[in-house]
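Quick notes on the structure that follows.
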Amino acid sequence: MNRYIAQTNIAFLGPLGQEKLSAATVTILGCGALGTVAADLLARAGVGRIRIIDRDVVELGNLQRQTLFVESDAESRIPKAEAATLRLQQINSDIVVEGLVADFTGLNALELLLGSDAVIDATDNYLARFTLNEACLALNLPWVYGGALGTGGALAVFTPQGPCFRCLFTELPVAGAGESCRTTGVLASVTTMVAALQVVELFKLLTGQAPLSGLLQLELTRTEFLTQPIPQDPACPACQLRRTEFLGQERDSLAALVCGQNSVLLPGAAGECTLLALAERLKVRGFSVDNSRFRLRIVAKDGYEVVVFADGRALVYGTSNIVTAKAVYNSILG
Numbered sequence: 122m123n124r125y126i127a128q129t130n131i132a133f134l135g136p137l138g139q140e141k142l143s144a145a146t147v148t149i150l151g152c153g154a155l156g157t158v159a160a161d162l163l164a165r166a167g168v169g170r171i172r173i174i175d176r177d178v179v180e181l182g183n184l185q186r187q188t189l190f191v192e193s194d195a196e197s198r199i200p201k202a203e204a205a206t207l208r209l210q211q212i213n214s215d216i217v218v219e220g221l222v223a224d225f226t227g228l229n230a231l232e233l234l235l236g237s238d239a240v241i242d243a244t245d246n247y248l249a250r251f252t253l254n255e256a257c258l259a260l261n262l263p264w265v266y267g268g269a270l271g272t273g274g275a276l277a278v279f280t281p282q283g284p285c286f287r288c289l290f291t292e293l294p295v296a297g298a299g300e301s302c303r304t305t306g307v308l309a310s311v312t313t314m315v316a317a318l319q320v321v322e323l324f325k326l327l328t329g330q331a332p333l334s335g336l337l338q339l340e341l342t343r344t345e346f347l348t349q350p351i352p353q354d355p356a357c358p359a360c361q362l363r364r365t366e367f368l369g370q371e372r373d374s375l376a377a378l379v380c381g382q383n384s385v386l387l388p389g390a391a392g393e394c395t396l397l398a399l400a401e402r403l404k405v406r407g408f409s410v411d412n413s414r415f416r417l418r419i420v421a422k423d424g425y426e427v428v429v430f431a432d433g434r435a436l437v438y439g440t441s442n443i444v445t446a447k448a449v450y451n452s453i454l455g
């Protein structure tokens, strides 16, 4: 039996559209509330190759809205890209799923996106989006922006012909200046709907149909949907002047609180490291260590916990104070 018959019977896709989905490579940047829903839909729809890029591990607070994860993933602090890959392979063994535990930056953006046919933005920060915008322009890739907060959300499609994301958001917002998931919260119904709409727009791109024009905004509690045009900025530094202000640069070097969690992210704290060697060194010092090829989990004194990634990033659990987090980290790895 054809597992995709329910969607190939729809004129929107049909058998030819299904062939195009099966031949496509789609990158999902971020595997949180939007990314898990999008990945699930793409896998079930038979998109041939799905690449998932995410830097974080699964936490209990994610389960309210991040649909591919279960409690045991959170208990084990499994990287989201790893957990999602395992789940998607169980959903559809006919496709290829590539999970990359990586921090998307201006230094590796082009390498991570190379070979994609289109990108779904499922990030939670504007720095990543500004970088993604420049990378997609450089690689001539279309991408689908999505965001959600509280009970509202938005999405838009950006193609190499423009307008681009920077025509809509001209300047990078100051870090911590606006609302965030950590301070405002988000309804799972909103993230699910935004991601579902992103996938529909992605299907249009992959099958040669005209995608959404403009910015679609929605407010679920009032059942409101509004589309506003995105005019192309003739002085846009990205799509018109072709300046690269984010590609080739490492701009995100500051410690940051993690959305909705009692934890702090320390970017690049340890530098590039070999997790196995680090694990052996810490065991000799008497620390309780749980390691995998993606991350090293260390249980410290006083209820703190540290997760170290191969690229040197570290997550410190048990505090929302950056100074305390650095002190805990230094007491173990300093």
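Residue numbers (our numbering): 122 to 455.
Virtual Cβ for every residue (Gly too), placed ideally from N, Cα, C.
These numbers come from a predicted model, not from an experiment.
Could you give the DSSP three-state label for Ala331: helix, strand or coil? coil
Beta strand (DSSP E) runs wholly inside the segment 138–184, at least 3 long, in chain order: 146–150 and 170–175
Whether Thr344 touches Val311 by CB criterion (9 Å): no
Could you check which residue in Leu339, Arg208, Phe430 and Val307 has the C-alpha nearest to that of Ala223? Phe430
Taking just the CA atoms, how far does Leu347 sit from Leu337? 6 Å
Can you give the Cα-Cα distance for Ala446 and Gly439, rounded to whole angstroms? 8 Å
Inter-residue spacing [alpha-carbon to alpha-carbon] between Gln128 and Thr313: 20 Å
Looking only at C-alpha atoms, which of Asn246, Ala239, Ala243 and Gly267 sits nearest to Cys257? Ala239
With distance defined between alpha-carbon atoms, name the residue in Leu228, Tyr247 and Ala316 nearest to Val265. Ala316
To the nearest angstrom, report how far apart Asp175 and Cys288 are at their CA atoms. 26 Å
Are the beta-carbon atoms belonging to Leu436 and Gln319 less than 9 Å from one another? no
Where does Tyr450 fall in DSSP's three states? helix
I believe Pro358 touches Pro284 by the beta-carbon criterion, under 8 Å. Please report the beta-carbon distance rounded to the nearest angstrom. About 13 Å; that fails the 8 Å criterion.
Can you give the Cα-Cα distance for Leu403 and Ser409, rounded to whole angstroms? 8 Å
First and last residue of the uninterrupted beta strand (DSSP E) at Ala275: Gly273 to Phe279
Verify whether the separation of the beta carbon atoms of Val147 and Ile241 is less than 9 Å. yes
At which residues does the beta strand (DSSP E) containing Gln338 begin and terminate? Leu336 to Glu340
Using DSSP with H/G/I as helix, E/B as strand and the rest coil, what is Asp242? strand
Please report the straight-line C-alpha distance between Asn246 and Leu308, rounded to a whole angstrom. 18 Å
Does the beta carbon of Asn229 sit closer than 9 Å to a beta carbon anywhere in chain B? Protein chain content of the structure displayed is limited to a single chain, and chain B is not contained in it.
Answer yes or no: the CB of Gln211 versus the heavy atoms of the ligand MG, is any distance below 8 Å? No copy of the ligand MG occurs in the structure displayed, which carries no ligand at all.
If you reduce the DSSP assignment to three classes, tell me which class Gln349 lands in. strand
What is the residue span of the beta strand (DSSP E) that Leu436 lies within? Ala435 to Tyr438
Determine the closest residue to Asp177 out of Leu417, Leu454, Ala144 and Arg165, with distance taken between C-alpha atoms. Leu417
So what does DSSP say about Val321, is it helix, strand or coil? helix
Once DSSP output is grouped into helix, strand and coil, what is the label at Ala195? helix
Alpha carbon to alpha carbon, how far is Ala356 from Ile212? Give it in angstroms, no decimals. 46 Å
Grouping DSSP H, G and I as helix and E and B as strand, with all else coil, what is Asp423? helix
When you compare only the Cα positions, how much space is there between Ile443 and Val385? 6 Å
For Ala202, the nearest candidate out of Glu192, Val218, Leu228 and Glu196 (CA to CA): Val218
Could you name the residues that DSSP lists as bridge partners for Gly268? Ala275
Let's see if you can read the secondary structure: which residues bound the alpha helix (DSSP H) around Asn254? Tyr247 to Leu260
Which residue or residues does DSSP assign as beta-bridge partners of Gly220? Ile173
Does the segment 131–140 come close enough to the segment 192–201 to have 3 or more Cβ pairs within less than 8 Å? no
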